[in-house]
Amino acid sequence: MDPRSEVLLRQAELFDGQVLLAGLPADDLLGALPQARGWNWHAGDQALLAARFPGRSQFDTQMPAGDYCAAVLFLPKSRELADYLLQALAARLAGKPLYLVGEKRGGIERAAKQLAVFGKPRKLDSARHCQLWCATVEQAPQQPDLQALAQRYPLQLSDGTLEIVTLPGVFAHGRLDRGSALLLEHLQDLPSGHLLDFGCGAGVLGAALKRRYPSSQVTLLDVDAFALASSRLTLAHNGLEAEVIGGSGIESAPEALSAIISNPPFHQGVHTDYQASENLLVQAGRHLVKGGELRLVANSFLKYPPLIERHLGPCRTLAEADGFRIYSARR
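Okay, so the sequence shown: first residue is 29 according to our numbering, each after it adds one.
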């Protein structure tokens, strides 16, 4: 059981009824709270919850419909995303309790101050290195417009300008990160065919690929619902068409790909987690056609080449700058 869930269950009497659990982990919490419902934006967690508790959790960027007696927000890493989620929950909870739970190292004490907009925050419990806070929503705000919270920035490329659209909580919200900037400079001479942007975020690489290789089929894949929504907005704002899919890892990707291009993720909440990235290196060959290429950017200190060569083929370093390297290997 996730320690945040354990803290909630220490006060289980507070959550008896149709409570919405927003951002809940993929553990036994829904089993312990049989009337509760889940709202999730992590495709991996949602897949596990849907298998164990069919119909009780929804994968979306919008709060699920329902008449809830209370809601619990599991604190996300992004303050901007927490602001949006708290607003969305409070808008439907006039006169009802809104709870916030999170790890101390994740900034729960700071985040609890965000509850003060809706009512007086009260700390209810502290255990398992986590805290549980509550505020009764004294005056419900207006339902927030997610698209109005988007940030846009122009991206100057050799074939023209792309407008990138990012939503709260998406990696590198409102800016171009250094790794993607380097990879954008090395997208030439990719094999023709079906291209995959793995861990697409706001769709920077996927949009650039579709612009550069208009005759190629392009798919964008990410684990996060807000990233998927951002990618769709980026594509739409630039008049581009590509497939956007949610999935927890490379296992969710199509097969018979001619190339996989990635600035792979390595954070899960407040923790560093290289599992998705390393799994990409191990499994990429199963999704590539013969002669298909894996091209990715990674921090220079990561020992990826031996893993790539063990599971795919000879690994070349195409470029190195600002603490990042571009690796390429063909099946």
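Just so you know, even glycine gets a beta-carbon here, dropped at the ideal spot from N, CA and C.
Considering only their Cβ atoms, is the gap separating Ala178 from Thr194 smaller than 8 Å?
Residue 194 sits at position 166 when you count from the first residue of the sequence shown. Residue 178 sits at position 150 when you count from the first residue of the sequence shown. Result yes, Cβ atoms of Thr194 and Ala178 sit closer than 8 Å.
Can you tell me whether Phe43 is helix, strand or coil according to DSSP?
In the sequence shown, the residue the question calls residue 43 occupies position 15. Reduced to three states, the DSSP call for Phe43 is helix.
Please specify which runs of the alpha helix (DSSP H), each continuous and at least 4 residues long, are wholly inside the region 61-88, giving them in chain order.
Restricting attention to alpha helix (DSSP H) runs no shorter than 4 residues, the region 61-88 encloses them at 71-80, ordered along the chain.
Give me, in chain order, the residues of the same chain whose beta-carbon lies closer than 6 Å to that of Asn68; leave out the 5 immediate sequence neighbours on both sides.
Within the sequence shown, numbered from 1, the residue matching residue 68 stands at position 40. Once the five neighbours on either side are set aside, the close Cβ partners of Asn68 are Gln74, Ser85, Phe87.
Tell me, which residues are paired with Ile289 by DSSP?
As a first step, residue 289 is located in the sequence shown; it is residue number 261 there, counting from the start. Ile289 pairs with Asp225, Arg323.
Is the CB-CB distance between Asn266 and Glu191 below 8 Å?
For this step, residue 266 is matched to residue 238 along the sequence shown. For this step, residue 191 is matched to residue 163 along the sequence shown. It is a contact, given that the beta carbons lie within the stated cut-off.
Given a cut-off of 8 Å, decide if Ser280 and Gly197 are closer than it, judged by their beta-carbon atoms.
On the sequence shown, position 169 is the one that residue 197 refers to. On the sequence shown, position 252 is the one that residue 280 refers to. No, Cβ-Cβ distance for Gly197 and Ser280 is not below 8 Å.
How long is the line joining the alpha carbons of Thr262 and Asp95, rounded to whole angstroms?
Taking the first residue of the sequence shown as 1, we reach residue 262 at position 234. Taking the first residue of the sequence shown as 1, we reach residue 95 at position 67. So the two alpha carbons sit approximately 34 Å from each other.
Could you name each continuous alpha helix (DSSP H) segment of 4 residues or more that falls completely within the region 194-258, going from the start of the chain to the end?
206-212, 232-240
Phe102 bridges to which residues according to DSSP?
Working through the sequence shown from its first residue, we reach residue 102 at position 74. Paired residues: Val129.
Here's the rule: buried if 16 or more other CB atoms are within 10 angstroms of the residue's CB, otherwise exposed. What is Arg353?
In the sequence shown, counting from the first residue as 1, residue 353 sits at position 325. Of the residues assessed, Arg353 falls on the buried side of the cut-off, its CB having 16 or more other CB atoms within 10 angstroms.
Quick one: Cα of Gly341 to Cα of Pro333, how far?
Here residue 341 corresponds to residue number 313 of the sequence shown, with the count starting at 1. Here residue 333 corresponds to residue number 305 of the sequence shown, with the count starting at 1. If you take the alpha carbons of Gly341 and Pro333, they lie about 10 Å apart.
What's the C-alpha gap between Val325 and Leu76?
Your numbering for residue 325 matches position 297 in the sequence shown. Your numbering for residue 76 matches position 48 in the sequence shown. Whole-angstrom Cα-Cα distance: 29 Å.
CB Leu249 to CB Gly275, shorter than 8 Å?
Numbered from 1 along the sequence shown, position 221 holds the residue referred to as residue 249. Numbered from 1 along the sequence shown, position 247 holds the residue referred to as residue 275. Result yes, Cβ atoms of Leu249 and Gly275 sit closer than 8 Å.
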